[in-house]
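Below is one structure, written out as structure tokens; the observations come after it.
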Amino acid sequence: MPSKEYRNSHVQQNREQLEFHVREILRLVGENPEREGLIDTPARVVRMYEEIFGGYAADSGEVLGTLFDEAHEELVIVNDIVFYSQCEHHMAPFFGKVHIGYVPSGKICGLSKFARLVDTVTKRLQVQERITSQLADLIAETLIPHGVMVVVEAEHLCMCARGVRKYGSQTITSAVRGQFKRDASLRGEFLSLIGRTAGKLI
Ligand code: ZN
547 MPSKEYRNSH VQQNREQLEF HVREILRLVG ENPEREGLID TPARVVRMYE EIFGGYAADS
607 GEVLGTLFDE AHEELVIVND IVFYSQCEHH MAPFFGKVHI GYVPSGKICG LSKFARLVDT
667 VTKRLQVQER ITSQLADLIA ETLIPHGVMV VVEAEHLCMC ARGVRKYGSQ TITSAVRGQF
727 KRDASLRGEF LSLIGRTAGK LI
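For the sequence shown, the numbering used here gives the first residue as 547, with consecutive numbering after it.
So this is what it looks like as structure tokens:
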């Protein structure tokens, strides 16, 4: 593993290069990067990037962490997990909510871990479809539950600020694994508990 000093100097080098390129973008879109309002913008953009692309520094497979033995083998739902991501086609934000439901098969994990998992998967360049299936797969592989269902609803700035310019349109994606695939009443229970009806969603 590289030393802390090496990693710090590497981070510093990355920052300087990013600031340089942000200044170049400002110049190429017709701005004067030296004017007062923009002078600190490259450094601010870099700090923002470190936050919104923070998922690259995390290992999604490790996030769910310690699992606990628990006999509860009924539906567990964590809903309305807010996320903010960047579409990989336009580098434009898309954001919304993730709803996760799973039926444990002897192992559960801390509920806040799902929110952390959503952060590590969404804080990178993404597409909504992949976020949805990655979350379902990571939960299925780590907890080995009877089943898992993930619903993601989001608004994409690349759809409303440019191109077709459709404001307020929501994209909804879902992924099901295990028991949820076979059991329509389980899917219905999940959807009604997150405040959606099967007819409205699918
Ligand atoms: Zn896009």
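Idealized CB from N, CA, C, for every residue including glycine.
Is any non-hydrogen atom of the ligand ZN found closer than 7 Å to the C-beta of residue i, if you look at the structure I gave you?
i, result
"residue 635", "yes"
"residue 702", "yes"
"residue 617", "no"
"residue 707", "no"
"residue 682", "no"
"residue 531", "In the structure as shown, the chain starts at 547 and stops at 748, and residue 531 therefore has no counterpart that could be examined."
Would you list the one or two residues that DSSP bridges to residue i?
i, result
"residue 629", "642"
"residue 722", "695"
"residue 701", "641"
"residue 655", "613"
"residue 717", "700"
"residue 647", "623 and 695"
"residue 788", "This structure cannot settle anything about residue 788, because the visible part of the chain is limited to 547 through 748."
Taking the alpha-carbon of residue i as reference, which of the options has the nearest alpha-carbon?
i, options, result
"residue 601", "665, 651, 701 and 621", "665"
"residue 612", "575, 703 and 689", "689"
"residue 671", "718, 587 and 629", "629"
"residue 667", "589, 714, 592 and 605", "605"
"residue 741", "693, 588 and 646", "646"
"residue 561", "586, 571, 550 and 593", "593"
"residue 632", "567, 731 and 700", "700"
"residue 598", "577, 582 and 641", "641"
"residue 709", "636, 554 and 603", "636"
"residue 603", "728, 691, 553 and 729", "553"
"residue 660", "558, 729, 736 and 626", "626"
"residue 634", "676, 614 and 655", "676"
"residue 691", "655, 734 and 549", "655"
"residue 567", "555, 582 and 587", "587"
Taking Cβ to Cβ, would you say residue i is nearer than 8 Å to residue j?
i, j, result
"residue 651", "residue 619", "yes"
"residue 622", "residue 663", "no"
"residue 579", "residue 569", "yes"
"residue 564", "residue 595", "yes"
"residue 684", "residue 607", "yes"
"residue 638", "residue 730", "no"
"residue 653", "residue 614", "yes"
Just to check my reading of the structure: residue i and residue j have Cβ atoms closer than 8 Å, yes? What is that Cβ distance to the nearest angstrom?
i, j, result
"residue 674", "residue 698", "6 Å"
"residue 722", "residue 695", "5 Å"
"residue 644", "residue 681", "7 Å"
"residue 693", "residue 649", "5 Å"
"residue 720", "residue 678", "7 Å"
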